[in-house]
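Q:
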Amino acid sequence: MVLPEDSYFPSHALLPVPHAGLDDCLQQYIKNFEREKINGEQLLHITHQELEELGVTRIGHQELILEAVDLLCALNYGLETENLRTLSHKLNASAKNLQNFITGRRRGGHYDGRASRRLPNDFLTSVVDLIGAAKNLLAWLDRWVLPRGGGGGGVLGLEAED
18 MVLPEDSYFP SHALLPVPHA GLDDCLQQYI KNFEREKING EQLLHITHQE LEELGVTRIG
78 HQELILEAVD LLCALNYGLE TENLRTLSHK LNASAKNLQN FITGRRRGGH YDGRASRRLP
138 NDFLTSVVDL IGAAKNLLAW LDRWVLPRGG GGGGVLGLEA ED
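Residue numbers (my numbering): 18 to 179.
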């Protein structure tokens, strides 16, 4: 999958500052990438050999970097193919699913407000789905609704500041 250079990885930036989310073991390589001025387009196409030339000699560290790039590509692809309507519908469906599950348990006599039993997996799955749908919607809003200026992220300011 190829991303336009300026869609997620601007040509003038390698990594957001501070380098939040980057594994501690990879922090040691940041200076090498900055010194060689590796931009987003180059990072998208980086190979094991090029990583080794940048001083990333451990295979496990190379794999972590390549997996992170793949995740960013997948995130960007999802943000570009989703729109506000589909994400809103997914959030609404997840909320209704959780509400229906809770209502069904109360009506079925499975609910006792005083008992602290272990929650069923279906309930936990519904909660995780709802959180995931909300997170996707917020990420889309933060990325697309307002243009970025000098002051940080879009609507919610979720972007790391320089």
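Note that the Cβ used here is the ideal one computed from N, Cα and C, for glycine as well.
Source: prediction; values computed, not measured.
Spatial neighbours of Ile-119 within its chain, please: CB distance less than 6 Å, with the 5 preceding and 5 following residues excluded, ordered by chain position.
A: So no residue of the chain qualifies.
Q: Of the residues Glu-51, Thr-142 and Glu-58, which one's Cα is nearest the Cα of Gln-116?
A: Taking only the C-alpha atoms, the option nearest Gln-116 is Thr-142.
Q: Taking the Cβ atom as the reference point for each residue, do Leu-158 and Leu-101 lie within a distance shorter than 9 Å?
A: Yes, they are a contact pair.
Q: Sorted by chain position, which residues of the same chain lie with C-beta nearer than 7 Å to Ala-151's C-beta, five sequence neighbours on each side aside?
A: The answer, listed in chain order, is Leu-108.
Q: Among residues of its own chain, excluding the 5 on either side of Ala-91, which ones have a beta-carbon nearer than 6 Å to its beta-carbon?
A: Taken in chain order, the list of residues that qualify is empty.
Q: Would DSSP call Gly-121 helix, strand or coil?
A: Note: Gly-121 maps to helix in three-state DSSP.
Q: When the Cα atoms are used, what is the spatial distance from Pro-137 to Glu-70?
A: Taking the straight line from one Cα to the other gives about 50 Å.
Q: Would you mind sorting Val-73 into buried or exposed? The rule is 16 or more other CB atoms within 10 Å of its CB.
A: That one is buried.
Q: Taking the beta carbon of Ile-82 as the centre, do at least 16 other beta carbons fall within 10 Å, making it buried, or is it exposed?
A: The residue is buried, with at least 16 neighbouring Cβ atoms inside 10 Å.
Q: How should Arg-160 be labelled, buried or exposed, when 16 other C-beta atoms within 10 angstroms of its C-beta is the threshold for buried?
A: It is buried - the Cβ of Arg-160 has at least 16 other Cβ atoms within 10 Å.
Q: Classify Val-73 as helix, strand or coil using the three-state DSSP reduction.
A: Three-state DSSP puts Val-73 in coil, outside helix and strand.
Q: Quick one: Cα of Arg-123 to Cα of Ser-105, how far?
A: Each residue's Cα considered, the two are about 27 Å apart.
Q: Quick check on Gln-45: buried or exposed, where buried means 16 or more other Cβ atoms within 10 Å of its Cβ?
A: Label assigned to Gln-45: exposed.
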